[in-house]
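This report concerns only the one structure given below.
Residue numbers (the working numbering), protein chains in the order written: chain V, 1 to 202; chain C, 1 to 293.
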């Protein structure tokens with residue numbers, strides 16, 4: 001595990017509108033969060049950030065470092081979070097930008113997402129587990145074959161279940177663009193599910 | 001929020017849930033990342049440590065900023081704050097614009113009674129005591145709907161009477177007699193909405209909160225914030241957000257909003273009210289590694 005430098009580029013303001021109403025406080029620089037609060041934020045959001053980074057195609061070996069970078073920025077910027085969107089959306093915005101930067105640094109096309117070997121979870125029969133693991137691999141191939149823009153929407157809307165508006169805010173695109181990509185993704189996923197006899201999406 | 005999200009059949013949910021789990025970090029990975037962040041920031045974030053921020057480089061966000069403290073001390077102690085609210089409401093009521101005097105009742109600061117300890121959000125002892133009783137992931141996350149209970153109202157009689165700083169009554173914020181101290185403390189911007197608009201939105205939000213519809217209350221406050229970032233009742237607006245977020249189970253965000261309340265001029269008057277809300281009673285329980293968002 002690499003420890004990141006204490007001073008780092010926070011990539012600018014991920015969501016300028018969050019600090020519009022801070023008044024003089026915004027100009028004087030953000031205050032840093034209480035350690036306890038920050039720890040809670042980390043614990044609540046690390047899994048989602050991790051999934052997002054992996055889903056975006058950040059190589060598994062780099063996810064730890066990139067996730068740390070995300071939370072260092074969150075720590076730096078939390079004083080500017082104005083609460084005018086969900087905290088999770090704000091953190092996703094940061095994670096997306098950091099993750100997209102990391103993804104761009106990967107020279108070749110990102111490999112398939114390296115999945116946790118422990119899958120699937122308990123509580124299912126061996127047959128179900130095998131079927132589930134097989135489908136997870138298919139989803140992985142499906143996700144990895146998507147264009148960057150479609151993949152981003154897939155991860156945010158299908159995996160993390162963000163609303164169209166939240167995904168649009170994170171990706172800085174219109175709600176309509178998200179909606180049209182979701183339609184295409186649903187069609188593609190429906191075909192995948194149909195092949196497996198899993199039924200159709202609504 | 002009532003935004004549409006994708007809906008799935010049970011089979012699809014299971015399949016996507018498995019994929020979600022496949023992307024999730026292991027406990028060891030989470031610990032390693034937390035350790036890395038902790039070491040980089042130079043603060044202890046270990047579970048149960050109730051760590052202190054290294055104040056030389058990271059002043060606590062939940063403590064009022066120096067400027068806010070200065071402004072608060074200058075013009076908005078508890079009594080004068082209450083006087084301003086009463087005077088504003090009274091003036092509006094007299095003018096016939098608003099007939100509901102008690103619109104801010106649930107927001108009225110409870111007086112910090114002698115002998116009653118008033119925890120501060122940054123009180124390490126308070127944080128420790130809360131934290132020590134909460135083992136991570138001991139409890140399943142509570143669905144927001146289960147927490148959406150009507151906010152506890154505060155009787156109007158609990159508003160402290162203005163004494164000593166009674167002159168504030170004669171010059172409430174926004175009534176043109178803006179002295180140096182007041183202007184230093186007031187968050188009112190030139191683009192501030194008319195106070196009756198803020199009051200109207202606050203009244204609606206309070207009604208929604210009282211009726212167990214915190215999502216609607218939050219949406220009202222967010223719309224007001226989008227349209228009018230400034231205002232004369234910013235503290236009350238933020239406090240409403242705190243209560244709504246608490247009722248929705250979004251406690252971390254409630255903590256952040258509570259910090260903002262304390263940073264605003266006059267926000268300190270609501271310290272006890274905050275302490276009675278979720279930010280004073282508990283810290284959100286940890287979620288399963290897979291379960292964020």
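Think of the CB as a built atom: it goes at the ideal place given N, C-alpha and C, for glycine as much as any other residue.
Using the three-state DSSP reduction, which class does residue 211 of chain C fall into: helix, strand or coil?
Translated into the one-based positions of the second chain, residue 211 of chain C becomes position 211. It is coil, neither helix nor strand.
Going by the CB atoms, is the gap between residue 207 of chain C and residue 242 of chain C shorter than 8 Å?
Numbered from 1 along the second chain, position 242 holds the residue referred to as residue 242 of chain C. Numbered from 1 along the second chain, position 207 holds the residue referred to as residue 207 of chain C. Taking 8 Å as the Cβ cut-off, residue 242 of chain C and residue 207 of chain C do not qualify as a contacting pair.
Could one say the Cβ of residue 247 of chain C lies closer than 8 Å to chain V's Cβ atoms, at least one of them?
Within the second chain, numbered from 1, the residue matching residue 247 of chain C stands at position 247. Chain V, which has no Cβ nearer than 8 Å to the Cβ of residue 247 of chain C, makes this no.
Using a Cβ-Cβ distance under 8 Å, would residue 161 of chain V count as near chain C?
Here residue 161 of chain V refers to the residue found at position 161 when the first chain is read from its first residue. Closer than 8 Å to some Cβ of chain C, the Cβ of residue 161 of chain V qualifies, so yes.
Could you check where the alpha helix (DSSP H) with residue 40 of chain V kicks off and where it finishes?
Residue 40 of chain V sits at position 40 when you count from the first residue of the first chain. Start and end: 35 to 56.
Verify the CB distance criterion: does residue 204 of chain C have a CB-CB separation below 8 Å to chain V?
The residue given as residue 204 of chain C occupies position 204 in the second chain. No, its Cβ sits nowhere closer than 8 Å to a Cβ of chain V.
Tell me the residue span of the alpha helix (DSSP H) that contains residue 249 of chain C.
In the second chain, counting from the first residue as 1, residue 249 of chain C sits at position 249. No alpha helix (DSSP H) contains residue 249 of chain C, which DSSP labels as neither H nor E.
Examine the Cβ distances between the stretch 213 to 226 of chain C and the stretch 241 to 258 of chain C and report whether three or more of them are shorter than 8 Å.
yes
Output yes or no for whether 8 Å exceeds the beta carbon distance between residue 55 of chain V and residue 182 of chain V.
Here residue 55 of chain V corresponds to residue number 55 of the first chain, with the count starting at 1. Here residue 182 of chain V corresponds to residue number 182 of the first chain, with the count starting at 1. It is not a contact, given that the beta carbons lie outside the stated cut-off.
Would you list, in chain order, the members of the stretch 56 to 69 of chain V that have their beta-carbon closer than 7 Å to a beta-carbon of chain C?
64, 67, 68
Check whether the Cβ atoms of residue 219 of chain C and residue 83 of chain V lie closer than 8 Å to each other.
Here residue 219 of chain C corresponds to residue number 219 of the second chain, with the count starting at 1. Here residue 83 of chain V corresponds to residue number 83 of the first chain, with the count starting at 1. No.
Drop a sphere of 10 angstroms on the beta-carbon of residue 53 of chain V, count the other beta-carbons inside from all chains shown, and report buried for 16 or more, exposed for fewer.
Counted from its first residue, the first chain places residue 53 of chain V at position 53. The residue in question, residue 53 of chain V, is buried, as its Cβ has 16 or more Cβ neighbours within 10 Å.
For residue 239 of chain C, which residues from the same chain have a beta carbon less than 7 Å from its beta carbon, with the 5 sequence-adjacent residues on both sides left out?
As a working mapping, residue 239 of chain C is identified with position 239 in the second chain. Here the set comprises 107, 261, 270, 273.
Quick check on residue 44 of chain V - is its C-beta less than 8 Å from some C-beta in chain C?
Against the first chain, residue 44 of chain V aligns to sequence position 44. Chain C, which has a Cβ nearer than 8 Å to the Cβ of residue 44 of chain V, makes this yes.
List the whole-angstrom C-beta distance separating residue 37 of chain C from residue 72 of chain V, where the pair is believed to meet the contact cut-off of C-beta under 8 Å.
The residue you call residue 37 of chain C lines up with position 37 of the second chain. The residue you call residue 72 of chain V lines up with position 72 of the first chain. That pair is a contact at about 6 Å.
Would the stretch 140 to 149 of chain V count as touching the stretch 58 to 69 of chain V if we require 3 or more Cβ pairs under 8 Å?
no
Coarse secondary structure for residue 278 of chain C, derived from DSSP in three states:
Residue mapping note: residue 278 of chain C aligns to position 278 of the second chain, counting from 1. In the structure shown, residue 278 of chain C sits in a helix (DSSP, three-state: H, G or I).
With a 10 Å radius around its C-beta and 16 neighbouring C-beta atoms as the bar for buried, classify residue 75 of chain V as buried or exposed.
Here residue 75 of chain V refers to the residue found at position 75 when the first chain is read from its first residue. Label assigned to residue 75 of chain V: buried.
Chain C contact residues for residue 148 of chain V, given Cβ-Cβ distances below 9 Å:
For the purposes of this step, residue 148 of chain V is identified with residue 148 of the first chain, where counting begins at 1. Per Cβ cutoff of 9 Å: no residues; residue 148 of chain V is ~17 Å from chain C at best.
Does the beta-carbon of residue 190 of chain V, which I'm using as the reference point, lie nearer than 7 Å to any heavy atom of the ligand COA?
As presented, the structure is devoid of all ligands, the ligand COA included, so that no description of it is given.
Relative to the C-alpha of residue 178 of chain V, which residue among V:166, V:188, V:39, V:189 is closest?
Position 178 of the first chain holds residue 178 of chain V. Of the listed residues, the one whose Cα sits closest to residue 178 of chain V is V:166.
Expressed to the nearest angstrom, what Euclidean distance is found between the alpha-carbon atoms of residue 46 of chain V and residue 16 of chain C?
The residue given as residue 46 of chain V occupies position 46 in the first chain. The residue given as residue 16 of chain C occupies position 16 in the second chain. Approximately 19 Å between the Cα atoms of the pair.
Is the shortest distance between the beta-carbon of residue 144 of chain C and the beta-carbons of chain V less than 8 Å?
In the second chain, residue 144 of chain C corresponds to position 144, counting from 1. Note that residue 144 of chain C has pLDDT 41, beneath the 50 cutoff, so the model's placement of it is unreliable and the number below is only indicative. Not closer than 8 Å to any Cβ of chain V, the Cβ of residue 144 of chain C fails to qualify, so no.
Given residue 131 of chain V, which residues of its chain have a CB within under 7 Å of its CB, disregarding the five upstream and five downstream residues?
Stepping through the first chain from its first residue, residue 131 of chain V is reached at position 131. Excluding positions up to five away in sequence, the list is empty.
Between the alpha carbons of residue 33 of chain C and residue 49 of chain V, how many angstroms are there, rounded?
Translated into positions along the second chain, residue 33 of chain C becomes position 33. Translated into positions along the first chain, residue 49 of chain V becomes position 49. About 12 Å.
Please report the distance separating the alpha-carbon of residue 200 of chain C from that of residue 257 of chain C.
Here residue 200 of chain C refers to the residue found at position 200 of the second chain. Here residue 257 of chain C refers to the residue found at position 257 of the second chain. Rounded to the nearest angstrom, the two C-alpha atoms are 21 Å apart.
Let me know the secondary structure DSSP gives residue 148 of chain V once reduced to three states.
The residue labelled residue 148 of chain V in the question sits at position 148 within the first chain. Looking at residue 148 of chain V - three-state DSSP - the assignment turns out to be helix.
Measure how close the beta-carbons of residue 161 of chain V and residue 85 of chain V come, nearest whole angstrom, since I'm counting them as under 8 Å.
Here residue 161 of chain V refers to the residue found at position 161 when the first chain is read from its first residue. Here residue 85 of chain V refers to the residue found at position 85 when the first chain is read from its first residue. Actually they are not in contact, since the Cβ atoms of residue 161 of chain V and residue 85 of chain V sit about 16 Å apart, beyond 8 Å.
Among V:60, V:37, V:43, V:39, whose alpha-carbon lies nearest the alpha-carbon of residue 22 of chain C?
Here residue 22 of chain C is taken as the residue at index 22 of the second chain, counted from 1. Residue V:60 is the option with its Cα nearest to residue 22 of chain C.
Short Cβ contact (8 Å threshold) for residue 51 of chain V with residue 24 of chain C
For the purposes of this step, residue 51 of chain V is taken as residue 51 along the first chain, with counting starting at 1. For the purposes of this step, residue 24 of chain C is taken as residue 24 along the second chain, with counting starting at 1. Yes, they are a contact pair.
With distance defined between alpha-carbon atoms, name the residue in V:136, V:173, V:135 nearest to residue 152 of chain V.
Residue 152 of chain V sits at position 152 when you count from the first residue of the first chain. Cα-wise, what sits closest to residue 152 of chain V is V:173.
Is it the case that the Cβ atoms of residue 233 of chain C and residue 42 of chain V are separated by a distance below 8 Å?
Counting from 1 along the second chain, the entry for residue 233 of chain C is found at position 233. Counting from 1 along the first chain, the entry for residue 42 of chain V is found at position 42. No, the pair does not count as a contact, with Cβ atoms beyond the cut-off.
Please state the DSSP three-state secondary structure of residue 80 of chain V.
In the first chain, the residue the question calls residue 80 of chain V occupies position 80. Correct three-state label for residue 80 of chain V: helix.
Does any residue of chain V have a CB that is nearer than 8 Å to the CB of residue 235 of chain C?
The residue you call residue 235 of chain C lines up with position 235 of the second chain. Chain V contact via Cβ: absent.
Output the distance between the C-alpha atoms of residue 180 of chain V and residue 90 of chain V, rounded to the nearest integer angstrom.
Residue mapping note: residue 180 of chain V aligns to position 180 of the first chain, counting from 1. Residue mapping note: residue 90 of chain V aligns to position 90 of the first chain, counting from 1. So the two alpha carbons sit approximately 23 Å from each other.
Could you give the residue range of the alpha helix (DSSP H) that holds residue 228 of chain C?
For the purposes of this step, residue 228 of chain C is taken as residue 228 along the second chain, with counting starting at 1. Residue 228 of chain C -> no alpha helix (DSSP H), and no H or E assigned at all.
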